[in-house]
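S.K.: Residue numbers for the sequence shown follow this note's numbering, beginning at 11 and rising by one.
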Amino acid sequence: LGPLDAVTELRWIGPSDVLDCVRGAVRARRSLDVAGPTGAGRTTVLRAAAEEARREGRSVLWVANDDRPFAAMRSVSLDEPSPRLGRDEAVRHWTDELIRAIRQGGIVIADDWDRVDAPSREIIESCRSYGSIFRAIDDEFAADIVLRPLDEGELLELFHGPEHFLHLPSDGARVLHERTLGLPRLIRDELAAWVSSGLARWRGDRVELTRNSLDRLRSGLDGGASLLRLPRTPLGDVENDVLAWIDLAAPHATEMLLAEVTELPAWEVEEALRSLERRHAARRTMDGRWIPLVLSSRLAEWTDSDRANAHRRLDALASSDDARVRHLLAAASLEPESDVTRLGEEVVRFSEEQRQRGLHGPGRVAVQRALALLSPSVETRDCRHRLVREAALHALAEANPESSVLFADEIEGAHPEAEIRNLTGLVRAHAAALRGDTTTALEHLATIGRLEDRTLECWRSAVRVLAARPNTTPDEQQQLVDEAEATLSPIMTPAIRASLETWRAHAHYTAGRFREAGEAYLLASQGPVPALRRCSWIITAAEAFLEVPDLDRARKLAERGLQMAVECRSLVHEVRATHFWRSARYRACEELEVDEELVAAAREVTVAGVRAQVQLLEASVAWRSGDHQRTAQLGKQAQDDWELAGHVWPARLCAALVAMVSPPRDAEQVRQLLHSASGCPWPGLRVQIEAMACRAIDGQLTMLASREDLGFDGSSVDRLSRREVLSLEECFKGVE
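(1) Classify E467: buried if its beta carbon has 16 or more other beta carbons within 10 angstroms, exposed otherwise.
(2) With a CB to CB cut of under 6 angstroms and the five nearest residues on each side skipped, what residues in its chain are close to T53?
(3) Here's the rule: buried if 16 or more other CB atoms are within 10 angstroms of the residue's CB, otherwise exposed. What is G371?
(4) Can you tell me the Cβ-Cβ gap for I119 and L42, rounded? I've got them flagged as a contact below 8 angstroms.
(5) Can you say whether P538 is buried or exposed, counting buried as having 16 or more other CB atoms within 10 angstroms of its CB?
(6) Output yes or no for whether 8 angstroms exceeds the beta carbon distance between G354 and R396.
(7) Which of the three DSSP states is assigned to I117 in this structure?
(8) Under a three-way DSSP split, which group does A16 fall into?
(9) Determine the contact status of A687 and C741, defining contact as a CB-CB distance below 8 angstroms.
(10) For V735, does the count of other Cβ atoms within 10 angstroms reach 16, so buried, or fall short, so exposed?
(11) Is G694 closer than 8 angstroms to R662 when the C-beta atoms are compared?
(12) Where do the ends of the beta strand (DSSP E) carrying F144 lie?
(13) Let me know the secondary structure DSSP gives E218 once reduced to three states.
(14) When the Cα of R145 is compared with those of A63, W212, V55 and A610, which residue comes out closest?
(15) Between which residues of its own chain and A442 is the CB-CB distance below 6 angstroms, once the five residues before and five after are set aside?
(16) Taking the beta strand (DSSP E) that W22 falls in, what are its first and last residues?
(17) Along the alpha helix (DSSP H) that carries D615, what are the first and last residues, could you check?
(18) From C137 to L108, what distance separates their C-alpha atoms?
(19) By the 10 Å Cβ neighbour count, where 16 or more other Cβ atoms means buried, how is V36 classified, buried or exposed?
(20) Beta strand (DSSP E) containing L42: first to last residue?
(21) Any contact of the segment 325–333 with the segment 276–289, i.e. 3+ C-beta pairs under 8 angstroms?
(22) Could you round the C-beta distance between R379 and L231 to whole angstroms and report it? I think they count as a contact, below 8 angstroms.
(23) Within the segment 382–430, note down every full alpha helix (DSSP H) run reaching 4 residues or more, in order along the chain.
(24) Who are the near neighbours of R213 in its chain, counting only those whose CB is closer than 7 angstroms to its CB and skipping five residues on each side?
(25) Whole angstroms is fine: what's the gap from H404's alpha carbon to R544's?
(26) Measure the C-alpha to C-alpha separation of L209 and A575 and round it to an integer number of angstroms.
(27) Is F175 helix, strand or coil by DSSP?
(28) To the nearest angstrom, report how far apart L383 and S229 are at their CA atoms.
(29) Buried or exposed: E167, going by 16 or more other Cβ atoms within 10 Å of its Cβ?
(30) Alpha carbon to alpha carbon, how far is R21 from E162?
(31) Can you check DSSP and say which residues form a bridge with R213?
(32) When you compare each of E164, L193, L196 and P194 to D181 by their alpha carbons, which one comes out closest?
(33) State the beta-bridge partners of H170 as determined by DSSP.
(34) What three-state label does DSSP hand V70 in the structure shown?
(35) So what's A342 in DSSP terms, helix, strand or just coil?
(36) Use the C-beta contact count for Q623: other C-beta atoms within 10 angstroms, 16 or more gives buried, fewer gives exposed.
Structure (structure tokens):
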């Protein structure tokens with residue numbers, strides 16, 4: 011992790027013309043006033059002025075903020091007047107001294123001008139016409155520069171990482187802006203809190219976050235900066251109370267909520283809020299919420315029990331599920347297991363709603379936090395089991411093998427009951443099946459008996475079907491689906507029926523009935539299923555229509571799936587949708603360039619076949635553009651991934667592509683590749699393997715199969731549209 015000092019002086023991220031104006035004023039020896047809300051960067055601007063002056067070799071007189079008479083003048087090391095002089099004579103003396111210092115090149119800087127003592131303000135004000143006096147003032151109408159809070163777009167450059175596919179900069183900027191309203195001082199403190207808590211680290215002058223860190227930050231349960239600054243002047247009792255409740259309720263602190271929770275008249279709360287805003291203690295957002303800018307002394311007096319009760323009160327008054335769960339978990343963290351039953355019910359309900367919407371991050375984080383608060387005791391058993399079930403359903407739906415295995419390891423270590431091991435075993439089996447490791451998947455499934463839970467039993471059948479796919483024929487796949495249907499028939503629901511239809515659809519796809527498969531996936535996606543599953547099925551339908559080929563429909567479905575994947579922040583499905591969208595364009599003979607961002611994103615996906623599909627397409631794109639070196643690199647990577655996943659014929663297709671562009675070629679090896687293609691059950695792959703093998707050692711080999719042998723009569727298949735690499739016309743041209 012980067013040192014906290016990295017954020018002590020946050021680099022300027024506002025409009026560049028502000029600093030240009032300030033530096034220009036320093037060089038021209040003009041006076042300048044800067045205004046803006048507390049935390050907007052006024053001090054940063056004044057420091058920039060001081061740095062510019064020092065670069066010119068000039069002295070900087072930074073006046074102190076103190077209410078004692080002449081404290082500011084004493085702070086800048088000027089000759090003091092004789093103690094025998096009267097007040098007016100002392101003012102004249104200080105004025106002459108200050109003018110002399112300015113004429114000698116000195117620059118006077120007064121931060122928080124309104125806090126400078128009155129006689130010093132009188133002296134400094136009288137010298138402004140001599141230039142080189144820079145002040146941070148409250149009166150925006152009198153200022154030369156008025157700073158404003160930064161918007162989300164201006165915060166993007168603070169974040170390291172890819173925007174495409176992972177969306178780390180935009181999501182990070184959104185969370186940071188929600189927590190700080192774009193005020194640089196709060197931004198600095200917030201980033202320091204993220205780094206110190208391990209949620210982020212520094213990469214140069216940018217912050218690096220993970221998707222999991224963002225999910226935790228968006229939950230409102232992690233990473234908040236502690237407010238260490240007290241108000242400039244003491245607050246009244248009502249103001250202190252309102253400020254304390256703003257701190258606890260943020261970012262959901264509305265005027266109506268504050269009136270309810272304080273049990274004060276609305277007009278009294280409104281007046282307190284106006285006072286807090288005038289005194290730079292709190293700030294109102296554009297949508298009417300309030301955030302604290304300083305620490306309430308009242309909040310510092312509360313015990314953990316007081317705070318827990320306050321969060322329970324906010325929980326009871328919350329107008330949104332995420333606010334309710336946030337306060338419920340906050341209360342439980344202060345008084346663990348005070349209301350275990352309600353904690354489990356509310357978190358599970360929230361998690362289910364988020365899962366149905368495809369927003370797995372918030373639900374998963376809430377479940378993880380709730381589980382962390384519960385000890386593995388008999389009293390918490392039922393609650394923990396419900397929470398682990400929810401966590402398992404998130405892991406199954408998100409289709410991330412690596413994070414699924416980590417989840418299973420963590421859960422088994424903390425909650426050793428046999429029922430929970432059934433859930434983690436199911437998650438492990440699914441992760442293995444996604445990686446193409448059939449043996450491991452079936453081994454895990456063998457340890458799990460029939461599950462009473464309908465949803466989990468459906469998942470058990472789904473994993474069994476998924477694990478068997480690489481090594482089964484279409485007829486065998488259909489038989490597996492029939493067996494699953496018989497098993498699930500006593501607990502059949504519309505959602506389970508939809509899943510069954512997609513398993514049948516895959517059997518259609520494997521048998522070459524692509525249109526039938528695509529239509530079945532689309533029909534299933536219209537059922538009562540979670541958003542991420544619907545997204546996955548729509549994208550898979552696009553894949554099926556690619557093979558029809560119905561390229562226009564495939565492209566439109568991929569675009570639709572891509573939009574859903576982005577909304578759900580699902581990397582694997584965003585990669586898949588982007589790949590099939592590009593595949594539709596490639597097969598329509600559009601000119602493309604290698605999408606290196608897509609290739610990089612695919613490397614983060616450990617689902618069998620997804621990375622290989624991407625690498626094969628981009629290798630084909632590279633070949634079309636004449637980059638044979640990149641073609642060979644991507645083609646070999648795709649071949650290795652296909653072989654690892656147990657997909658023989660796609661791997662041989664990649665081998666043929668690599669042979670076609672990678673001299674020197676082993677003629678015997680290429681000849682074996684050509685002859686092996688006759689065993690390929692998919693004519694489209696067979697003809698491409700043969701054609702590329704013939705091209706690899708031009709003139710020495712000829713195609714073994716004719717158009718008629720492969721069933722390509724020109725009427726049912728578009729000869730000119732490309733397939734994975736070549737079009738059918740290209741396959742037979744010059745090599746028949």
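By construction, the Cβ of each residue, glycine as well, lies at the ideal position given by its N, Cα and C atoms.
As the structure is a computational prediction, the values presented were derived from the model and not from experiment.
M.R.: Looking at the coordinates:
(1) Mapped onto the sequence shown, residue 467 falls at position 457. With 16 or more neighbouring CB atoms inside 10 Å of its own CB, E467 falls in the buried class.
(2) Here residue 53 corresponds to residue number 43 of the sequence shown, with the count starting at 1. In its chain, beyond the 5 residues on either side, D121 have a beta carbon closer than 6 angstroms to the beta carbon of T53.
(3) Within the sequence shown, numbered from 1, the residue matching residue 371 stands at position 361. With 16 or more Cβ atoms within 10 Å of its Cβ, G371 is classed as buried.
(4) On the sequence shown, position 109 is the one that residue 119 refers to. On the sequence shown, position 32 is the one that residue 42 refers to. Going by Cβ atoms, the distance from I119 to L42 rounds to 10 angstroms, so no, they are not a contact pair.
(5) Numbered from 1 along the sequence shown, position 528 holds the residue referred to as residue 538. The residue is exposed, with fewer than 16 neighbouring Cβ atoms inside 10 Å.
(6) For the purposes of this step, residue 354 is identified with residue 344 of the sequence shown, where counting begins at 1. For the purposes of this step, residue 396 is identified with residue 386 of the sequence shown, where counting begins at 1. With respect to R396, G354 sits close: the two C-beta atoms are nearer than 8 angstroms.
(7) Mapped onto the sequence shown, residue 117 falls at position 107. DSSP places I117 in strand when its eight states are reduced to three.
(8) Stepping through the sequence shown from its first residue, residue 16 is reached at position 6. Here the model assigns A16 a pLDDT of 40, short of 50, so the residue's position is not dependable and the matter cannot be decided.
(9) Within the sequence shown, numbered from 1, the residue matching residue 687 stands at position 677. Within the sequence shown, numbered from 1, the residue matching residue 741 stands at position 731. Inclusion of A687 and C741 in the CB contact set at 8 angstroms is not warranted, their separation being larger than that value.
(10) Numbered from 1 along the sequence shown, position 725 holds the residue referred to as residue 735. Buried, by the Cβ-count rule.
(11) For the purposes of this step, residue 662 is taken as the residue at position 652 of the sequence shown. For the purposes of this step, residue 694 is taken as the residue at position 684 of the sequence shown. Cβ distance not < 8 angstroms, so R662 and G694 don't count as in contact.
(12) One-based indexing of the sequence shown puts residue 144 at position 134. Unbroken beta strand (DSSP E) run through F144: I143 to A146.
(13) In the sequence shown, residue 218 corresponds to position 208, counting from 1. E218 falls in the strand class under three-state DSSP.
(14) The residue you call residue 145 lines up with position 135 of the sequence shown. In terms of Cα proximity to R145, the closest of A63, W212, V55 and A610 is V55.
(15) Numbered from 1 along the sequence shown, position 432 holds the residue referred to as residue 442. Listed in chain order, the non-local C-beta contacts of A442 below 6 angstroms within the same chain comprise T450 and A451, local neighbours out to five positions each way being set aside.
(16) Stepping through the sequence shown from its first residue, residue 22 is reached at position 12. No beta strand (DSSP E) holds W22; DSSP gives it neither H nor E.
(17) Looking up residue 615 in the sequence shown gives position 605. Note that residue 615 is Val in the sequence shown here, rather than Asp. Unbroken run through V615: none, as it is neither H nor E.
(18) Taking the first residue of the sequence shown as position 1, residue 137 is located at position 127. Taking the first residue of the sequence shown as position 1, residue 108 is located at position 98. Using only the alpha carbons, I get a separation of about 8 angstroms.
(19) Here residue 36 refers to the residue found at position 26 of the sequence shown. Flag for V36 reads buried.
(20) Taking the first residue of the sequence shown as 1, we reach residue 42 at position 32. It spans L42 to A45 - the beta strand (DSSP E) in which L42 sits, taken as one unbroken run.
(21) Taking 8 angstroms as the limit for Cβ pairs, the verdict is that the segment 276–289 does not touch the segment 325–333.
(22) Residue numbering aside, residue 379 sits at position 369 when the sequence shown is read from its first letter. Residue numbering aside, residue 231 sits at position 221 when the sequence shown is read from its first letter. Right, their Cβ atoms sit about 6 angstroms apart.
(23) When DSSP assignments are scanned along the segment 382–430, the uninterrupted stretches of alpha helix (DSSP H) that are 4 or more residues long and fall wholly within it turn out to be 391–408 and 411–424.
(24) Along the sequence shown, one-based indexing puts residue 213 at 203. Spatial neighbours of R213 in its own chain (CB-CB distance under 7 angstroms, excluding positions within 5 residues in sequence) are listed in chain order as H170.
(25) Reading the sequence shown from its first residue, position 394 is the one you call residue 404. Reading the sequence shown from its first residue, position 534 is the one you call residue 544. Those two C-alpha atoms are separated by around 15 angstroms.
(26) For this step, residue 209 is matched to residue 199 along the sequence shown. For this step, residue 575 is matched to residue 565 along the sequence shown. Roughly 24 angstroms separates the two Cα atoms.
(27) As a first step, residue 175 must be located in the sequence shown, where it is residue number 165. Of the three classes helix, strand and coil, the one that applies to F175 here is coil, per DSSP.
(28) As a first step, residue 383 is located in the sequence shown; it is residue number 373 there, counting from the start. As a first step, residue 229 is located in the sequence shown; it is residue number 219 there, counting from the start. Spanning the two alpha carbons is a distance of roughly 16 angstroms.
(29) Counting from 1 along the sequence shown, the entry for residue 167 is found at position 157. E167 comes out exposed.
(30) Your numbering for residue 21 matches position 11 in the sequence shown. Your numbering for residue 162 matches position 152 in the sequence shown. Each residue's alpha carbon lies about 16 angstroms from the other.
(31) For the purposes of this step, residue 213 is identified with residue 203 of the sequence shown, where counting begins at 1. In the DSSP output, where bridge partners are listed per residue, R213 has R216.
(32) If you number the sequence shown from 1, residue 181 lands on position 171. Minimum Cα distance to D181 is reached at E164.
(33) Looking up residue 170 in the sequence shown gives position 160. Beta-bridge analysis with DSSP links H170 to E218.
(34) Within the sequence shown, numbered from 1, the residue matching residue 70 stands at position 60. DSSP places V70 in strand when its eight states are reduced to three.
(35) For the purposes of this step, residue 342 is taken as residue 332 along the sequence shown, with counting starting at 1. In this structure, A342 counts as helix in the three-state DSSP scheme.
(36) Locating residue 623 in the sequence shown gives position 613, where the first residue counts as 1. By the 10 Å Cβ count, Q623 comes out buried.
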